[in-house]
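J.:
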Amino acid sequence: MGKEYLAQFDKAEETRVKEVVKGVSPEDLDIGQLFRSEVVHKTVNKGGGALLSGYNATVLPTVTMFHERTLLEICVLCGCVREPKVLEPYLERDLVIPILRSPYSSYSTAFVETLMRYPHISMAEERAFRFARIQLLEKIVVCPDCAKKRENLCLSSLEKLPVESAKRKELLKMLIGSAFLSLRPYPHPDYLVLNELMTSLKEKDLAVLDQLISFAETVGVFRTAQVYSAIPQVSMESLKEVEEVIGRSPDLKMRYDFTEIYDSVMRGLKLSYNPSIPLETYLDIVMPRRSKIQGIVSDAIQRSQPKSKVFLSNLQKEIEKVNREVESLKSSTRAKLLNFATNFVADNKSIIAGCIIGAGLGFAQFGLIGCGGGFLGGVGAKLLGTKAQITLPKEAKDIVQALHRAIEPGYEKLLSHYLSKRVNLVQVWKLQEKVQPK
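Residues in the sequence shown are numbered from 125 upward in steps of one, following the working numbering.
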C-alpha cells in the first residue's frame with residue numbers, strides 16, 4: 125500500500141461520498157449509506173460517547189475508562205500516526221473510533237494499513253456528515269468559495285507580517301489553515317471569526333491572532349461534539365476559550381468534561397495507566413472493572429463538593445485521605461491475614477483452572493468447595509498435566525476470567541465487613557495491587 129494507491133483511494137472515497145449526498149437534503153441524508161462501518165453508524169446514532177481532539181497517550185486511557193466509546197480526532201502530526209501500534213489495543217477492544225482530519229494519503233502507510241482493519245471515519249465522511257448536521261442545526265452557512273477567498277486574504281496578509289523567522293511564519297500558516305478547517309462549514313455566528321482573523325492580520329496584531337486561532341479550535345471541537353452528540357474532553361487551560369465560545373454562541377452550550385479532573389483522581393489513587401506495564405495488560409485489568417472504577421472516582425469527586433470554589437483543594441485532600449486509609453489498610457496485620465486466607469479464591473488461577481479441568485473430565489468430587497480445589501491446584505493438576513497432557517483451552521481461560529470477575533465483588537465485601545472499612549477503600553487497595561507493577 126503506497127502513497128499512489130492511497131491517493132487513488134482518496135479519490136474513490138470522495139466520489140462515493142458525493143454520490144451518497146448528491147441531491148439529498150440534510151434531513152434526508154442516509155448515514156447508514158454514508159458511513160461504511162456499521163459500528164460507526166450505530167455509534168453516531170446512539171451518541172453520548174466522548175470526543176477527544178488529538179491523540180494523547182496520557183489522557184486516552186482515562187477517557188476510555190469513563191465512556192463506552194471515544195471519538196478520536198487524528199491529524200497528521202498525532203503521535204499514533206508515527207507509531208500506529210499504540211492505538212491498536214484501543215481499536216481491538218472497540219474503545220475508540222478514529223476521525224481523520226486529512227485524506228488517507230496524508231498519513232503514513234503503516235498507520236492507514238492499521239486503520240483499515242477497524243471502524244473509523246474518513247475525512248470525506250466527516251466533512252459530509254458535519255456539513256449536513258450543521259446545516260440542520262444552523263440553517264445559514266457561508267459558501268465554500270467565499271470562505272476560501274477569506275482564507276487566501278489571510279494568507280496574503282500573513283506574508284507581510286514582521287515575523288522573526290520563516291519557521292514561525294510557516295507555523296502560523298499551518299495554524300490559520302487549521303483554524304479555517306475547524307470552523308467549516310462556517311455557520312452563523314462562527315463565520316464572523318473569519319473577519320476577525322483577517323482584521324488581526326491586517327493590523328499585524330499577533331497576540332489577538334493567537335487568541336482567535338485558539339478560539340476557532342475550541343469552536344471546532346464543540347461543533348464536532350454537537351454533530352456527533354458526543355461529550356467534548358476539555359483541558360482546564362482552555363476554560364477561558366470555552367466560556368467565551370459559549371457566551372458568543374449559546375447554542376453550543378453542552379456538557380463537557382475536564383479531562384484533568386478524572387485523570388488527576390486516577391493518578392492520585394494510583395489507578396491510572398503506568399507505562400512500565402504493557403497497555404494491553406492494563407486494559408485487560410481495568411475494562412472489566414470499569415463501572416467499579418467509575419464509582420470510586422465519582423465518589424471522590426462528590427465528596428469534594430464539585431460546585432464549591434475550593435473544589436480542587438477539597439479533591440486533593442480527599443485523594444490524600446483515601447491513600448492514607450488504603451496504606452493503613454495494607455499494613456494492617458488483620459488485613460494481611462485475611463487477604464492471605466481468602467486469596468485462594470480471588471487470585472489463585474491454577475486452583476480454579478484445575479477445578480474446570482476436573483469437572484470437564486468427570487471428577488465431580490474435585491469441586492470448588494472444600495479441599496477438592498486444593499487437591500487439583502497441587503497433586504491433581506500435576507497428575508492431569510503429566511499423564512493426560514491436558515492444556516487449558518481458550519474457552520476455559522475465558523471461564524476462569526469470568527469466575528474471577530464474579531467472585532471479586534463478594535470477596536471485596538467480605539474484606540470490607542471483617543476490616544470495618546468502606547468497600548471502596550478495599551476496592552482501591554485491590555485495584556492498586558493489580559495495576560501497579562510488581
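Virtual Cβ for every residue (Gly too), placed ideally from N, Cα, C.
Please state if the CB of V343 and the CB of L376 are separated by a distance shorter than 9 Å.
T.: Taking the sequence shown and counting its residues from 1, one reaches residue 376 at position 252. Taking the sequence shown and counting its residues from 1, one reaches residue 343 at position 219. Yes, they are a contact pair.
J.: Counting C-beta neighbours from all protein chains within 10 Å, is the total for G126 16 or more, i.e. buried, or is it exposed?
T.: Taking the sequence shown and counting its residues from 1, the one referred to as residue 126 is at position 2. Burial call: exposed.
J.: With three or more C-beta pairs closer than 8 Å as the rule, is the segment 288 to 304 touching the segment 235 to 252?
T.: Short answer: they don't touch.
J.: If you draw a straight line from the C-alpha of A331 to the C-alpha of E283, how long is it?
T.: Here residue 331 is taken as the residue at index 207 of the sequence shown, counted from 1. Here residue 283 is taken as the residue at index 159 of the sequence shown, counted from 1. Cα-Cα distance, rounded: 17 Å.
J.: Going by the beta-carbon positions, is the gap between V389 and L439 smaller than 9 Å?
T.: The residue you call residue 389 lines up with position 265 of the sequence shown. The residue you call residue 439 lines up with position 315 of the sequence shown. Going by C-beta atoms, V389 is nearer than 9 Å to L439.
J.: Hey, how far is the Cα of K431 from the Cα of I425?
T.: To locate residue 431, count along the sequence shown from 1; it is residue 307. To locate residue 425, count along the sequence shown from 1; it is residue 301. Approximately 10 Å, taken between the alpha carbons.
J.: If you follow the alpha helix (DSSP H) that A331 is in, where does it begin and where does it stop?
T.: Numbered from its first residue, the sequence shown carries residue 331 at position 207. That run of the alpha helix (DSSP H) goes L330 to V351.
J.: Mapping the DSSP letters down to three states, classify A131 as helix, strand or coil.
T.: For the purposes of this step, residue 131 is taken as residue 7 along the sequence shown, with counting starting at 1. DSSP places A131 in helix when its eight states are reduced to three.
J.: Quickly, what does DSSP pair S455 with across the bridge? List them, please.
T.: The residue labelled residue 455 in the question sits at position 331 within the sequence shown. None, per the DSSP bridge assignment.
J.: Let me check understanding here. Comparing Cα to Cα, which of P213, E138 and V141 lies closest to T405?
T.: Position 281 of the sequence shown, counted from the start, is the residue given in the question as residue 405. Of P213, E138 and V141, the residue nearest in Cα terms is P213.
J.: Take S230 and list the residues in its own chain whose beta-carbon comes closer than 7 Å to its own, dropping the five residues that flank it on each side.
T.: Position 106 of the sequence shown, counting from 1, holds the residue named residue 230. Cβ neighbours of S230 beyond the five flanking positions: V200.
J.: From E262 to P356, what does the alpha carbon distance come to, in whole angstroms?
T.: On the sequence shown, residue 262 is found 138 positions in, with the first residue counted as 1. On the sequence shown, residue 356 is found 232 positions in, with the first residue counted as 1. Roughly 20 Å between the two C-alpha positions.
J.: Could you give the distance in angstroms between the alpha-carbon of D387 and the alpha-carbon of D269?
T.: The residue you call residue 387 lines up with position 263 of the sequence shown. The residue you call residue 269 lines up with position 145 of the sequence shown. Those two C-alpha atoms are separated by around 43 Å.
J.: If you follow the alpha helix (DSSP H) that A290 is part of, which residue opens it and which one closes it?
T.: On the sequence shown, residue 290 is found 166 positions in, with the first residue counted as 1. Where A290 is concerned, the enclosing alpha helix (DSSP H) stretches over A290 to L307.
J.: Tell me the DSSP secondary structure of A512 in three-state form.
T.: Along the sequence shown, one-based indexing puts residue 512 at 388. Annotation note: pLDDT 44 at A512 (below 50); position unreliable, coordinate value reported separately. If DSSP states are grouped into helix, strand and coil, A512 belongs with coil.
J.: Per DSSP, which residues does F382 bridge with? Please list them.
T.: Within the sequence shown, numbered from 1, the residue matching residue 382 stands at position 258. According to DSSP, which records beta bridges pairwise, F382 is partnered with V358.
J.: In angstroms, rounded to a whole number, what distance separates the CA positions of R379 and E367?
T.: Along the sequence shown, read from residue 1 onward, the residue named residue 379 stands at position 255. Along the sequence shown, read from residue 1 onward, the residue named residue 367 stands at position 243. Taking the straight line joining both Cα atoms gives about 12 Å.
J.: Assess contact between the segment 216 to 227 and the segment 185 to 198, defined as three or more Cβ pairs (one per stretch) separated by less than 8 Å. Is contact present?
T.: In short, these stretches touch, since the Cβ pair count reaches three.
J.: Using the three-state DSSP reduction, which class does I401 fall into: helix, strand or coil?
T.: Within the sequence shown, numbered from 1, the residue matching residue 401 stands at position 277. I401: coil per DSSP, three-state reduction.
J.: Since E197 sits in a beta bridge, which residues does DSSP pair it with?
T.: Looking up residue 197 in the sequence shown gives position 73. Looking at the DSSP assignment, E197 forms a beta bridge with S177 and I223.
J.: How would you call L508, buried or exposed, if buried means at least 16 neighbouring beta carbons within 10 angstroms?
T.: Your numbering for residue 508 matches position 384 in the sequence shown. Low local confidence applies: a pLDDT of 41 at L508 is under 50, so the model's placement there is unreliable, and no value is given.
J.: Taking the straight line between their C-alpha atoms, what separation do you get for V141 and D334?
T.: Counting from one through the sequence shown, the residue named residue 141 turns up at place 17. Counting from one through the sequence shown, the residue named residue 334 turns up at place 210. Computed Cα separation, rounded: 34 Å.
J.: Going by the DSSP bridge assignment, what does I370 pair with across the sheet?
T.: In the sequence shown, counting from the first residue as 1, residue 370 sits at position 246. BP columns for I370 are empty, so no partner.
J.: Ordered along the chain, which non-local residues of its own chain (more than five positions away) have a Cβ less than 6 Å from that of V210?
T.: As a working note, residue 210 is residue 86 in the sequence shown. These residues qualify, in order along the chain: C204.
J.: With DSSP as the reference, label G494 as helix, strand or coil.
T.: Position 370 of the sequence shown, counting from 1, holds the residue named residue 494. For G494, the predicted structure reports a pLDDT of 38, less than 50, and the residue's modelled location is therefore unreliable. The matter cannot be settled from this model.
J.: What three-state label does DSSP hand V559 in the structure shown?
T.: For the purposes of this step, residue 559 is taken as residue 435 along the sequence shown, with counting starting at 1. Three-state DSSP puts V559 in a helix.
J.: For the alpha helix (DSSP H) that contains C278, what are its first and last residues?
T.: Residue numbering aside, residue 278 sits at position 154 when the sequence shown is read from its first letter. It spans P268 to E283 - the alpha helix (DSSP H) in which C278 sits, taken as one unbroken run.
J.: If we ignore side chains and look at the alpha-carbon of each, how far apart do A354 and S455 end up?
T.: Residue 354 sits at position 230 when you count from the first residue of the sequence shown. Residue 455 sits at position 331 when you count from the first residue of the sequence shown. Their backbone Cα atoms lie some 43 Å apart in a straight line.
J.: With DSSP as the reference, label V469 as helix, strand or coil.
T.: Here residue 469 refers to the residue found at position 345 of the sequence shown. Caution applies to V469, whose pLDDT of 45 falls short of 50 and renders its modelled position unreliable; the model cannot decide the point.
J.: With Y214 as the anchor, note down where its alpha helix (DSSP H) starts and where it stops.
T.: By 1-based counting over the sequence shown, the position of residue 214 is 90. Counting along the chain, the alpha helix (DSSP H) containing Y214 begins and ends at E212 to E216.
J.: Quick one: is R413 buried, meaning 16 or more other Cβ sit within 10 Å of its Cβ, or exposed?
T.: Position 289 of the sequence shown, counted from the start, is the residue given in the question as residue 413. Buried: at least 16 other Cβ atoms inside 10 Å.
J.: Quick check on I264: does DSSP put it in helix, strand or coil?
T.: On the sequence shown, position 140 is the one that residue 264 refers to. Here I264 sits in coil by DSSP.
J.: Between S177 and the rest of its own chain, which residues show a CB-CB distance below 7 Å, the 5 nearest in sequence each way excluded?
T.: The sequence position of residue 177 within the sequence shown is 53, counting from 1. Counting only Cβ-Cβ distances below 7 Å, and skipping sequence neighbours, we find E197 and V345.
J.: Under DSSP, the alpha helix (DSSP H) around V236 begins and ends at which residues?
T.: Here residue 236 refers to the residue found at position 112 of the sequence shown. V236 -> alpha helix (DSSP H) spans T233 to L239.
J.: Hey, could you find the ends of the alpha helix (DSSP H) P185 is sitting in?
T.: Sequence index remark: in the sequence shown, residue 185 carries index 61 (1-based). That run of the alpha helix (DSSP H) goes L184 to F190.
J.: With 16 as the cutoff for other CB atoms within 10 Å, does N548 come out buried or exposed?
T.: Here the question's residue 548 lines up with position 424 in the sequence shown. Result: buried.
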